[in-house]
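Asker:
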Amino acid sequence: MYISGWGNFPRIHSKVYRHWSINQVQSAISNSSEIIPTGLLRSYGDSALNSATLSALSLNKILNFDQSNKTITCESGVSFMELINFLSRYNLTLPVTPGTKFITIGGAIASDIHGKNHHRSGSFGSWVQSIRIISADGTIHNCSHTEEIDLFRATIGGMGLTGMILDATIRLVPLKSTSIEQITFRANDLKNLFDLFEQNKDAEYSVSWLDTNSTSDKFGRGVLFVGKEINENQELILSEPKLNIPFYFPNKTLNKLSVSLLNNLYYRVNNSGRKQVAFDEFFYPLDVLNNWNRGYGKNGFIQYQFVVPKEFSYQTITKVLKTMHQFGISSFLTVLKLMGKSNDFLLSFPMEGYTLAMDIPLSNATLELAKKIDEIIIDNGGRLYLTKDARMSEEMFWKTYTKIEDFIEIKSKYDPNNKFQSLQSKRLGVGV
Ligand SMILES: Cc1cc2nc3c(=O)[nH]c(=O)nc-3n(C[C@H](O)[C@H](O)[C@H](O)COP(=O)(O)OP(=O)(O)OC[C@H]3O[C@@H](n4cnc5c(N)ncnc54)[C@H](O)[C@@H]3O)c2cc1C
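Residues 0 to 431 in numbering that gives the first Met the number 0 are what the sequence shown lists, from first letter to last.
#1: Is it the case that the CB of H12 approaches a heavy atom of ligand 1 more closely than 7 angstroms?
#2: Looking at the structure shown, is Q325 part of a helix, part of a strand, or coil, going by DSSP?
#3: Rounded to whole angstroms, what is the Cα-Cα separation between F311 and I102?
#4: Taking 7 angstroms as the cut-off, does the CB of T386 come closer than this to any heavy atom belonging to ligand 1?
#5: Beta carbon of G6, beta carbon of G38: below 8 angstroms?
#6: Could you tell me if the beta carbon of A51 falls within a distance shorter than 7 angstroms of some heavy atom in ligand 1?
#7: Is H140 close to ligand 1? I mean its beta-carbon at under 7 angstroms from any heavy atom of the ligand.
#8: Fully enclosed by the segment 254-327, which beta strand (DSSP E) runs are 3 residues long or longer?
#9: Give me whichever residues DSSP pairs with D358 in a beta bridge.
#10: Determine the DSSP secondary structure at L383, reduced to helix, strand or coil.
#11: What is the DSSP secondary structure of F406, reduced to helix, strand or coil?
#12: Have a look at A186 and K412 and give me their C-alpha separation to the nearest angstrom.
#13: Could you say if the segment 213-233 and the segment 62-81 meet the contact criterion of at least three C-beta pairs nearer than 8 angstroms?
#14: Go ahead and label R152 buried or exposed: buried means 16 or more other beta carbons lie within 10 angstroms of its beta carbon, across all protein chains shown.
#15: Identify, in the order they occur along the chain, each residue of the same chain with its Cβ nearer than 8 angstroms to the Cβ of L40, setting aside the five sequence neighbours on each side.
#16: Taking the Cβ atom as the reference point for each residue, do I229 and Q181 lie within a distance shorter than 8 angstroms?
#17: Using a Cβ-Cβ cutoff of less than 7 angstroms, which residues in the same chain neighbour Y400 once the five nearest sequence positions on both sides are dropped?
#18: Per DSSP, which one or two residues make a beta bridge with A51?
#19: Could you tell me if the beta carbon of W126 falls within a distance shorter than 7 angstroms of some heavy atom in ligand 1?
#20: For S362 and K410, I'd like the C-alpha separation in whole angstroms.
#21: Which residue from A27, V319, A202 puts its Cα closest to that of V307?
#22: Helix, strand or coil for L237, going by three-state DSSP, please let me know.
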């Protein structure tokens with residue numbers, strides 16, 4: 000069947016294996032010369048794509064729940080929505096969650112995802128106690144901070160390249176409230192936005208939207224949303240999308256003018272102030288609209304997400320926005336977040352600094368622009384997020400991820416014939 004990541008680029012034909020038992024997973028691996036595990040395909044680019052893919056979606060059971068020790072063991076195809084709804088009955092929740100609830104536990108571990116609280120809670124991998132993984136020869140490994148440590152360090156953030164995660168045990172945190180007190184700060188330029196982030200650096204949650212179109216005295220204006228849990232408890236039930244985009248929009252719908260109008264409108268409707276918002280609305284505002292990625296047209300889009308060290312963040316983002324202005328290209332949806340310390344998982348993305356994510360409709364000019372921005376990111380000590388990437392060069396990857404050799408050494412021990420491969424790993428030269 001034809002499959003793609005969330006950016007709808009690239010779109011390829013793949014033989015999709017979907018299995019319920021470990022034996023079936025083992026034989027799918029042994030029958031394929033190369034294969035990559037997949038979850039809900041919410042990664043944007045080609046990290047979960049190959050001519051053969053191994054879907055985890057039938058591995059969908061909760062295996063053990065220890066309420067008193069606050070841990071849960073579940074199969075890798077269980078979604079965040081299912082888990083969060085289940086855990087809320089016991090006033091517990093997942094410690095880290097991304098901007099959508101439609102991802103799997105396997106995808107969250109393989110991408111070492113981060114949320115709006117990275118500056119306080121780190122990435123998802125820091126909360127993983129142990130993992131069971133099937134490697135290329137069909138062996139099942141139990142790995143953790145104390146067992147098969149090398150495989151553990153390579154698998155968290157390892158983009159599915161060390162094997163198929165079968166199940167994992169995750170540490171949980173108390174669910175303090177089902178709604179969030181949201182404080183909105185409107186920033187009239189980029190400097191003001193950075194100042195607001197720093198003034199709120201201890202907030203439980205923070206995230207901002209940024210207008211890549213604005214120029215002169217409004218350059219880099221944005222809106223910062225800061226969230227605080229309120230101590231009240233009702234049952235939390237996350238919901239399915241309420242609206243659907245039933246078809247792909249024509250490719251030219253999101254042009255410079257419409258993006259500028261929509262960003263202007265967004266800035267104006269988000270007045271500074273304080274209000275109580277539902278959990279779903281605060282953490283997953285985009286999930287309300289099913290298939291919103293079709294709004295970018297059939298050509299698809301890229302999400303260009305980078306992180307740069309704190310001391311260079313302001314200057315880097317200034318340069319990036321100016322370069323976009325020179326190209327006459329803007330991002331429809333742009334998100335800026337503060338990140339805390341990095342961890343020691345070998346291909347993990349976060350580093351202490353700021354991360355900017357921009358959604359840009361795909362065109363030749365977009366790809367040229369992305370190459371220019373790559374140079375700025377490399378010069379400023381940053382890197383791109385693998386789970387969003389569809390186009391980074393091998394050279395950039397090797398310059399900006401500093402532990403690749405360690406990763407490849409471990410991969411070659413568990414996967415000597417390089418069976419676990421994706422289009423991305425081939426492009427980036429992650430062989431053995
Ligand atoms: C609207 C939206 C908002 C997002 N917001 C954020 C955010 O705030 N922070 C963030 O960090 N990410 C964010 N993401 C990205 C998303 O969290 C990651 O791409 C995540 O990995 C997707 O999970 P998935 O189940 O869809 O995995 P897939 O997209 O199917 O796969 C992603 C990677 O995980 C590997 N993988 C999947 N399952 C397994 C398994 N069982 N065993 C081994 N490897 C496996 C795949 O090989 C692939 O490399 C967002 C995505 C969207 C669409």
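Positions of the beta carbon are idealized from the N, C-alpha and C atoms, including for glycine.
Answerer: Answer, in terms of the structure:
#1: no
#2: helix
#3: 32 angstroms
#4: yes
#5: no
#6: Answer for A51: no, Cβ out of range of ligand 1.
#7: Relative to ligand 1, H140 has its C-beta separated by 7 angstroms or more from all heavy atoms.
#8: 272-277, 300-308
#9: For D358, which the question treats as bridged, DSSP gives the partners Q302, L332.
#10: strand
#11: The three-state reading of DSSP puts F406 in helix, counting H, G and I together.
#12: Going by C-alpha positions, A186 is about 50 angstroms away from K412.
#13: no
#14: buried
#15: I2, S3, G4, W5, A47
#16: no
#17: L346, R382
#18: K14
#19: no
#20: Near 35 angstroms, if we compare the C-alpha coordinates of K410 and S362.
#21: Looking at A27, V319, A202, the one whose alpha-carbon comes closest to that of V307 is V319.
#22: coil
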